[in-house]
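Colleague: After the structure tokens below, expect a handful of questions from me.
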Amino acid sequence: MNMPYKPGVAIASGTLEATGRNINILGATRKANAINPKAATVTMAPEITLNTDRGNILINSMKNNPDGIFSPPPLQPPPPPPPTGARIGQQFVQLQKQPPQQVTVVNNTGNVGNVPNVQIAIAELEQRRHQEFSNYFGANLSKYFTNTTNVREALVEIYHQTKNRSAIVYVTALPDELELILYAAKTHPIRKTIPQAKRDKLMKVVAEFHYSLTAPHYRTTTNYLQPAQQLYQWLITPIEEELRANSIDTILFSMDAGLRSLPVAALHDGQQFLVEKYSLALIPSISLVDSRYKSLEDAKILAMGASNFSIFAPSLSPLPAVPVELSAITQQREGIILLNEEFTLNNLKSQRSKYPFEIIHLATHGEFKPGDMSKSYIQLWKEKLQLDQMRSLGFNNPPVELLVLSACQTAVGDERAELGFAGFAVAAGVKTALASLWYVSDEGTLALMSEFYSQLKNAKIKAEALRQAQVAMSRGEVKVEGGYLRSVGIKDRVPLPPELANKLMINLSHPYYWSAFTMIGSPW
Numbered sequence: 011m012n013m014p015y016k017p018g019v020a021i022a023s024g025t026l027e028a029t030g031r032n033i034n035i036l037g038a039t040r041k042a043n044a045i046n047p048k049a050a051t052v053t054m055a056p057e058i059t060l061n062t063d064r065g066n067i068l069i070n071s072m073k074n075n076p077d078g079i080f081s082p083p084p085l086q087p088p089p090p091p092p093p094t095g096a097r098i099g100q101q102f103v104q105l106q107k108q109p110p111q112q113v114t115v116v117n118n119t120g121n122v123g124n125v126p127n128v129q130i131a132i133a134e135l136e137q138r139r140h141q142e143f144s145n146y147f148g149a150n151l152s153k154y155f156t157n158t159t160n161v162r163e164a165l166v167e168i169y170h171q172t173k174n175r176s177a178i179v180y181v182t183a184l185p186d187e188l189e190l191i192l193y194a195a196k197t198h199p200i201r202k203t204i205p206q207a208k209r210d211k212l213m214k215v216v217a218e219f220h221y222s223l224t225a226p227h228y229r230t231t232t233n234y235l236q237p238a239q240q241l242y243q244w245l246i247t248p249i250e251e252e253l254r255a256n257s258i259d260t261i262l263f264s265m266d267a268g269l270r271s272l273p274v275a276a277l278h279d280g281q282q283f284l285v286e287k288y289s290l291a292l293i294p295s296i297s298l299v300d301s302r303y304k305s306l307e308d309a310k311i312l313a314m315g316a317s318n319f320s321i322f323a324p325s326l327s328p329l330p331a332v333p334v335e336l337s338a339i340t341q342q343r344e345g346i347i348l349l350n351e352e353f354t355l356n357n358l359k360s361q362r363s364k365y366p367f368e369i370i371h372l373a374t375h376g377e378f379k380p381g382d383m384s385k386s387y388i389q390l391w392k393e394k395l396q397l398d399q400m401r402s403l404g405f406n407n408p409p410v411e412l413l414v415l416s417a418c419q420t421a422v423g424d425e426r427a428e429l430g431f432a433g434f435a436v437a438a439g440v441k442t443a444l445a446s447l448w449y450v451s452d453e454g455t456l457a458l459m460s461e462f463y464s465q466l467k468n469a470k471i472k473a474e475a476l477r478q479a480q481v482a483m484s485r486g487e488v489k490v491e492g493g494y495l496r497s498v499g500i501k502d503r504v505p506l507p508p509e510l511a512n513k514l515m516i517n518l519s520h521p522y523y524w525s526a527f528t529m530i531g532s533p534w
């Protein structure tokens, strides 16, 4: 018997027919270097503020920098290559079988007198990361943000509207230590450092983790657990007490270069995955997040995609489950489907101009590549939509609440590719994006997306719907069996396309199938 990796199995059954293409449902049917507290002289802490017009947080340290001139600290050098072993792209990884290293945590917040130093560290991190993304996108992103209010007030307001308590975690990989800064609504920001997690050592374990999740011969093993637990020890354990004390539900990670393609959902404490405890999101910086909340209960969807690329992009593999994927999600939410030859840039623009769809779902290949942002793209039927073209689509007016790209990958270990992935929501001008770090199998993507949209009907926030879908998959509650997709969240079973129907049973509980999917931008 093919058992899931974690206990707790439930199976739902029924019938759902996949329909053809072009279904109109809408009308017809329904760091910077760490601050040394002893060396710093502080006269006034910087303001940490949020934009109320677009709901974006800005870090304003003008009182400490009256000239308004910011020179970002130099970026950290790229990590050294992993040791010789199995290949990840152009890198080699040797999996290490050893228990996670216990960590020594230095609490650099100390007493209340050091809090202003932590606030300055946050301001510097925000400015540095804001500058990184501005440089990558070739634009001063501050021009999109105007009026401001306090960040803490914004987190409190989100709680009042959703009953969700959120925290921001800044992760900075320094040459000699790992720095974590936790910012929550109820407490002063907290800064901790982990001396054992030097940058080169950290990046080596990150590479091992990625390989242990994605290598085909490891997808039926638990080899990922050792690096997953080590990374948990370094990234989560030092702040876990504070997360519990603040009753945090959602963590927004602002990651340093080299860590933005880390599948944090699969970090493991020895008993549970991180996603079993918290909803998760990846943000470029909090100043680039649109924090305005809007319920998606009645949101309509524009679902587009392609299942075959042999004519215009023959190097890309077919995606036979796409017609079923689009049909399954529009069974759960009112919208329209445009498939294959109707999946064009003109149709995307015209449909969006006819109706302000709050959700846009693109079931197609996407690539976040090294180099400038024009190298990264989303494949339409016969053309590529480059990342640097996306803002011209006007997805910010009126705002798209959620943009889903269900079959994409990011170049592992490339900092500029990571900028494209982590800044995808910013590039597209949308509040939130959902995308994958690596190509997941067709049946795995179908399973995750079907479960996600099912959970989205009742979840208060988008990140919680993703969390519930990932947890259901990790516990073996979503299965491919006998030519059908079966799920606890979907009333009827979903028939697989003929190309996949001969797969009698696939165990989708391995994190390869679900941990790549990442909420980018606002989790709310």
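Residue numbering for the sequence shown follows this note's numbering, beginning at 11 and increasing consecutively. Backbone N, C-alpha and C fix where the C-beta goes; we use that ideal spot for every residue, glycine too. Bear in mind the structure is a predicted one, so any value in this text is a computation, not a measurement.
For the beta strand (DSSP E) containing Met265, list its first residue and its last residue.
Modeller: Counting along the chain, the beta strand (DSSP E) containing Met265 begins and ends at Thr260 to Met265.
Colleague: Alpha carbons only, please: which of Leu269, Ile249, Leu358 and Ser305 is nearest the one belonging to Pro204?
Modeller: Correcting the residue type first, residue 204 is Ile in the shown sequence and not Pro. Answer by Cα proximity: Ile249.
Colleague: Quick one, which of Asn233, Leu312 and Tyr242 has its alpha-carbon nearest Gln361's?
Modeller: Nearest C-alpha to Gln361: Leu312.
Colleague: At which residues does the alpha helix (DSSP H) containing Val422 begin and terminate?
Modeller: That residue, Val422, is in no alpha helix (DSSP H); it is neither H nor E in DSSP.
Colleague: Closer than 6 Å by C-beta to Arg31: which residues in its own chain qualify, once you throw out the five before and the five after it? Chain order, please.
Modeller: Note that Arg31 scores a pLDDT of 35, beneath 50, so its modelled location is shaky; the value from the coordinates is reported in the next line. The residues are Leu349.
Colleague: In the structure shown, what three-state DSSP assignment does Asp452 receive?
Modeller: Asp452 falls in the helix class under three-state DSSP.
Colleague: Leaving out the 5 sequence neighbours to the left and right, which residues in its chain are closer than 6 Å to Ala291 when beta-carbon positions are compared?
Modeller: Cβ neighbours of Ala291 beyond the five flanking positions: Leu262, Ala473, Met529 and Pro533.
Colleague: Check each candidate in Val116, Leu415 and Lys211 and name the one with the smallest Cα separation from Leu397.
Modeller: It is Leu415 whose Cα lies nearest to the Cα of Leu397.
Colleague: Counting only the same chain and skipping the five closest in sequence on each side, list residues whose C-beta sits under 8 Å from that of Phe147.
Modeller: Excluding residues within five positions, the ones whose Cβ falls inside 8 Å are Met383, Asp398, Gly433, Val436 and Ala437.
Colleague: Suppose the cutoff is 7 Å on Cβ atoms and the five residues either side in sequence are ignored; what does the same chain contact list for Gln342 look like?
Modeller: Closer than 7 Å at Cβ, skipping near neighbours: Tyr463, Ser464 and Lys467.
Colleague: Output needed for Tyr288: all residues of its chain with C-beta closer than 8 Å, excluding positions within five of it in sequence on either side, in chain order.
Modeller: Counting only Cβ-Cβ distances below 8 Å, and skipping sequence neighbours, we find Leu253, Ile258, Asp259, Thr260, Ile261 and Arg477.
Colleague: Could you name each continuous beta strand (DSSP E) segment of 3 residues or more that falls completely within the stretch 216 to 263, going from the start of the chain to the end?
Modeller: List check, beta strand (DSSP E) in window: nothing returned.
Colleague: Which of helix, strand or coil does DSSP assign to Val115?
Modeller: Of the three classes helix, strand and coil, the one that applies to Val115 here is coil, per DSSP.
Colleague: So what does DSSP say about Val436, is it helix, strand or coil?
Modeller: Of the three classes helix, strand and coil, the one that applies to Val436 here is helix, per DSSP.
Colleague: How big is the Cα-Cα spacing for Glu286 and Ala443?
Modeller: The straight-line gap from Cα to Cα measures roughly 21 Å.
Colleague: What does Lys394 pair with, by DSSP beta-bridge criteria?
Modeller: Lys394 is bridged to Gln389.
Colleague: Quick one: using the 10 Å Cβ neighbour count with 16 as the cut-off for buried, is Asp308 buried or exposed?
Modeller: Under this definition Asp308 is an exposed residue.
Colleague: Go ahead and pull the three-state DSSP assignment for Asn350.
Modeller: Helix.
Colleague: State the Cα-Cα distance for the pair Thr230 and Ala479, rounded to the nearest angstrom.
Modeller: Rounded to the nearest angstrom, the two C-alpha atoms are 20 Å apart.
Colleague: Looking at C-beta atoms only, is the number of pairs between the stretch 495 to 512 and the stretch 332 to 347 that lie closer than 8 Å three or more?
Modeller: The answer is yes - the stretch 332 to 347 touches the stretch 495 to 512, with three or more Cβ pairs under 8 Å.
Colleague: In whole angstroms, give me the CA-to-CA distance for Ala445 and Arg503.
Modeller: Rounded to the nearest angstrom, the two C-alpha atoms are 25 Å apart.
Colleague: Compute the distance between the beta-carbons of Ala457 and Met483, then report whether it is under 8 Å.
Modeller: Taking 8 Å as the Cβ cut-off, Ala457 and Met483 qualify as a contacting pair.
Colleague: Counting pairs of beta carbons, one from the stretch 298 to 306 and one from the stretch 166 to 185, are three or more of them closer than 8 Å?
Modeller: Judged by Cβ distances under 8 Å, the stretch 298 to 306 makes contact with the stretch 166 to 185, as three or more pairs qualify.
Colleague: Contact check, Glu461 vs Val490 under 8 Å by CB: the rounded distance?
Modeller: Incorrect: roughly 12 Å between the Cβ atoms, too far for contact.
Colleague: Quickly, what does DSSP pair Ala443 with across the bridge? List them, please.
Modeller: Beta-bridge pairing links Ala443 to Leu413 and Ile530.
Colleague: List the residues that DSSP assigns as beta-bridge partners of Leu372.
Modeller: DSSP, once it has assigned bridges, lists Met314 and Leu415 as partnering Leu372.
Colleague: Between the alpha carbons of Lys535 and Gln240, how many angstroms are there, rounded?
Modeller: No answer is possible for residue 535: the residues shown for the chain start at 11 and end at 534.
Colleague: Indicate, with yes or no, if the ligand SAH has a heavy atom lying under 7 Å from the CB of Leu403.
Modeller: No copy of the ligand SAH appears in this structure; indeed no ligand is present at all.
Colleague: Measuring alpha carbon to alpha carbon, tell me which of Leu495, Leu184 and Gly531 ends up nearest Leu518.
Modeller: For Leu518, the nearest C-alpha among the options comes from Leu495.
Colleague: Would a C-beta distance cut-off of 8 Å place Leu306 and Glu377 closer than the cut-off?
Modeller: Cβ distance not < 8 Å, so Leu306 and Glu377 don't count as in contact.
Colleague: Can you tell me where the beta strand (DSSP E) with Lys202 in it begins and where it stops?
Modeller: Start and end: Ile200 to Ile204.
Colleague: Whose CA, out of Lys202, Ile321, Pro521 and Val216, lies closest to the CA of Val116?
Modeller: The residue with the shortest Cα to Cα distance from Val116 is Lys202.
Colleague: For a quick check, are the C-beta atoms of Met314 and Leu355 less than 8 Å apart?
Modeller: In this structure, Leu355 does not lie closer than 8 Å to Met314 by Cβ.
Colleague: Please report the distance separating the alpha-carbon of Glu344 from that of Met459.
Modeller: One C-alpha to the other measures close to 16 Å.
Colleague: Excluding five sequence neighbours on each side, which residues of the same chain lie with their C-beta closer than 7 Å to the C-beta of Leu326?
Modeller: Excluding sequence neighbours, Leu326 sits near Phe319, His375 and Gln389.
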